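For the sequence shown, the UniProt record's numbering begins at 27 and goes up steadily by one. Glycine included, C-beta positions come from ideal geometry on N, C-alpha and C. The structure presented is a predicted model; accordingly, all values stated were derived computationally and were not measured. For reference, the structure is listed below as structure tokens.
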Amino acid sequence: NLLRPDGALGITIFEEITALAAAHGAINLGQGFPDEDGPPEILEAARAAIAAGANQYAPGRGVPELRAAVASHQERFYGLRPDPETGVLVTTGATEAIAAAVLAFAGPGDEVLTFEPFYDSYGAVIGLAGADHITAPLRAPDFQPDLEALEAAMSSRTRMLLLNNPHNPTGSVFTREALTRIIELAVRHDVLLVTDEVYEHLTFDGAHIPVASLPGAAERTLTISSAGKTFSVTGWKVGWLTGPEELVARVRTVKSFLTYSSGMPFQGAVALGLGLPDAFFTGIAETLRRKKDQLSSGLAAAGFRVHASQGTYFVIADCAPLGVVDATDLARRLPALVGVAAIPVPVFCHPEGAERTRSLLRFAFCKTSEILEDAAGRLASLQ
Ligand code: PMP
Ligand code: GLN
Numbered sequence: 027n028l029l030r031p032d033g034a035l036g037i038t039i040f041e042e043i044t045a046l047a048a049a050h051g052a053i054n055l056g057q058g059f060p061d062e063d064g065p066p067e068i069l070e071a072a073r074a075a076i077a078a079g080a081n082q083y084a085p086g087r088g089v090p091e092l093r094a095a096v097a098s099h100q101e102r103f104y105g106l107r108p109d110p111e112t113g114v115l116v117t118t119g120a121t122e123a124i125a126a127a128v129l130a131f132a133g134p135g136d137e138v139l140t141f142e143p144f145y146d147s148y149g150a151v152i153g154l155a156g157a158d159h160i161t162a163p164l165r166a167p168d169f170q171p172d173l174e175a176l177e178a179a180m181s182s183r184t185r186m187l188l189l190n191n192p193h194n195p196t197g198s199v200f201t202r203e204a205l206t207r208i209i210e211l212a213v214r215h216d217v218l219l220v221t222d223e224v225y226e227h228l229t230f231d232g233a234h235i236p237v238a239s240l241p242g243a244a245e246r247t248l249t250i251s252s253a254g255k256t257f258s259v260t261g262w263k264v265g266w267l268t269g270p271e272e273l274v275a276r277v278r279t280v281k282s283f284l285t286y287s288s289g290m291p292f293q294g295a296v297a298l299g300l301g302l303p304d305a306f307f308t309g310i311a312e313t314l315r316r317k318k319d320q321l322s323s324g325l326a327a328a329g330f331r332v333h334a335s336q337g338t339y340f341v342i343a344d345c346a347p348l349g350v351v352d353a354t355d356l357a358r359r360l361p362a363l364v365g366v367a368a369i370p371v372p373v374f375c376h377p378e379g380a381e382r383t384r385s386l387l388r389f390a391f392c393k394t395s396e397i398l399e400d401a402a403g404r405l406a407s408l409q
């Protein structure tokens, strides 16, 4: 369903809402990108790399300095020790890592499981691979995985569970118990775990738990992350994937034919970022927690029912108390109506899940406090 039946090209929801926001001069709390730059030293490192001529193809696996930095970062924060030579692959954003992992392991006749709502590229790339996309719900109010539904969804055709934690769009962080049960199910059904942890440093109620760090998971887990969120450089599109050599090798083969290699001048700069002191990483989470609190209060004051966000850039607001049942319709009207843009949650779902999330909107809070205050003021006029 990437191409519409009428032959028109599909566009992502982020493009659609961002264009609407621009057309109406609205505050864009739709697409998740920060409006402030990340650490100056990494921006300077990228400028210096360009000036020094680091402008040709990077090695296919990524520059050695970045692979070593990814491995050290995982050891420092999680006690994991991926092999920098064979167990780390640099990708063009997490998006390419996700696509290459799905294409490497799933094809026609296979099923790929995700939770629902799911990040939009998951459904698209599972479709490109020709595999079937099966979902299990995350249920309001806390959006933890429905583990019974997950177990029921597993079959002899299930090849992979592609999961995202901390979770976009709901802002939930899966409990250690839920992750442990998910791993037990994956082991029992011999399912590969591909885990998208791009928001690993953006958690508000305690440290992130990588799937690969839990008992029984490492040998069947590919972990994906990205510089975009951690260092506020979403435009750099530098991501990485880590895991056991045999699994990473297959993904690398696919990556070779998708992009071959990724943005050379940014790789050393990201390596520098991954080596920043602990205070940087706790600082970004703390800054973002304040923004989350500010926007959540603003949305509540504007009459929305707000679901607690435990991580990511996002908070879910239910429009039902405002008398609105269709959040997708509201999202299309909101930029003109009050000058704020948000993303409707049903776009991250198949039809059944879309019905369950019909009145939910996703707001991004990775913006300056002045912008968040302005947005809250505009939203207050909805009542
Ligand atoms: N996965 C999730 C859950 C995301 O929210 C995003 C968007 N930031 C991505 C992957 C894509 O990351 P990147 O920009 O590094 O490709
Ligand atoms: N990951 C970001 C979001 O969920 C942006 C993704 C995109 O623009 N494709 O808003």
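Limits of the unbroken beta strand (DSSP E) element including residue i
| i | result |
| --- | --- |
| Met180 | No beta strand (DSSP E) contains Met180, which DSSP labels as neither H nor E. |
| Phe340 | 340-344 |
| Thr249 | 247-252 |
| Thr117 | 114-117 |
| Arg73 | Segment 66-77 is the alpha helix (DSSP H) holding Arg73; no beta strand (DSSP E) there. |
| Gln142 | Checking the displayed sequence, the identity of residue 142 turns out to be Glu instead of Gln. It spans 137-142 - the beta strand (DSSP E) in which Glu142 sits, taken as one unbroken run. |
| Arg388 | 386-390 |
When the options are compared against residue i, the one with the closest alpha-carbon
| i | options | result |
| --- | --- | --- |
| Ala123 | Ala334, Gly153, Ser147 | Ser147 |
| Leu173 | Ser182, Val280, Ile209 | Ile209 |
| Ala406 | Gly269, Leu325, Val351 | Leu325 |
| Ala126 | Leu240, Gln57, Ser287 | Ser287 |
| Trp266 | Leu69, Asn54, Val89 | Val89 |
| Ala178 | Thr140, Ser198, Leu154, Pro372 | Thr140 |
| His50 | Gly133, Leu363, Lys281 | Leu363 |
| Pro152 | Gly301, Arg165, Thr121, Glu245 | According to the sequence as given, residue 152 is Ile; it is not Pro. It is Thr121 whose Cα lies nearest to the Cα of Ile152. |
| Thr249 | Gln170, Ala334, Glu226, Thr256 | Glu226 |
| Val128 | Gly105, Gly156, Val114, Phe144 | Gly156 |
| Arg382 | Ala305, Ser251, Asp352 | Asp352 |
Residue environment, residue i, which counts as buried when at least 16 other CB atoms sit within 10 Å
| i | result |
| --- | --- |
| Leu273 | buried |
| Glu137 | buried |
| Arg107 | exposed |
| Glu101 | exposed |
| Gln336 | buried |
| Phe389 | buried |
| Arg185 | buried |
| Gln293 | buried |
| Pro192 | buried |
| Asn194 | buried |
| Leu189 | buried |
| Phe283 | exposed |
| Ile39 | buried |
| Asp231 | exposed |
| Leu211 | buried |
| Gly119 | buried |
| Asp355 | exposed |
| Pro65 | buried |
| Arg87 | buried |
| Glu271 | exposed |
| Ala295 | buried |
Alpha helix (DSSP H) segment containing residue i, residue limits
| i | result |
| --- | --- |
| Thr268 | That residue, Thr268, is in no alpha helix (DSSP H); its beta strand (DSSP E) goes 265-268. |
| Arg165 | Looking at the DSSP string, Arg165 is not in any alpha helix (DSSP H); the run it does join, the beta strand (DSSP E), is 158-165. |
| Leu408 | That residue, Leu408, is in no alpha helix (DSSP H); it is neither H nor E in DSSP. |
| Ala97 | 90-104 |
| Asp63 | Looking at the DSSP string, Asp63 is not in any alpha helix (DSSP H), and its letter there is neither H nor E. |
| Asp168 | Taken as a continuous stretch (DSSP letters only), Asp168 belongs to no alpha helix (DSSP H), as it is neither H nor E. |
| Asp146 | 146-155 |
| Leu228 | Here Leu228 belongs to no alpha helix (DSSP H), and DSSP marks it neither H nor E. |
| Val220 | First-last for Val220: 218-222, but that is the beta strand (DSSP E), not the alpha helix (DSSP H). |
| Val213 | 202-214 |
Contact test: residue i Cβ vs ligand 3 heavy atom, cutoff 6 Å
| i | result |
| --- | --- |
| Ala71 | By its list of ligands, the structure shown excludes ligand 3, since it contains just ligand 1 and ligand 2. |
Residue-chain proximity (residue i, chain C), Cβ-Cβ < 7 Å
| i | result |
| --- | --- |
| Phe340 | Going by chain labels, chain C is absent from the structure shown, which holds only one protein chain. |
Exercise. In chain order, what are the residues with a CB under 5 Å from some non-hydrogen atom of ligand 1?
Worked result: Gly119, Ala120, Thr121, Tyr145, Asn190, Asn194, Asp222, Val224, Ser252, Gly254, Gly265
Exercise. Which whole runs of the beta strand (DSSP E) in the segment 252-337 are 3 residues long or more, in chain order?
Worked result: 265-268
Exercise. What runs of the alpha helix (DSSP H), each 4 residues or longer, lie entirely inside the segment 355-384?
Worked result: 377-382
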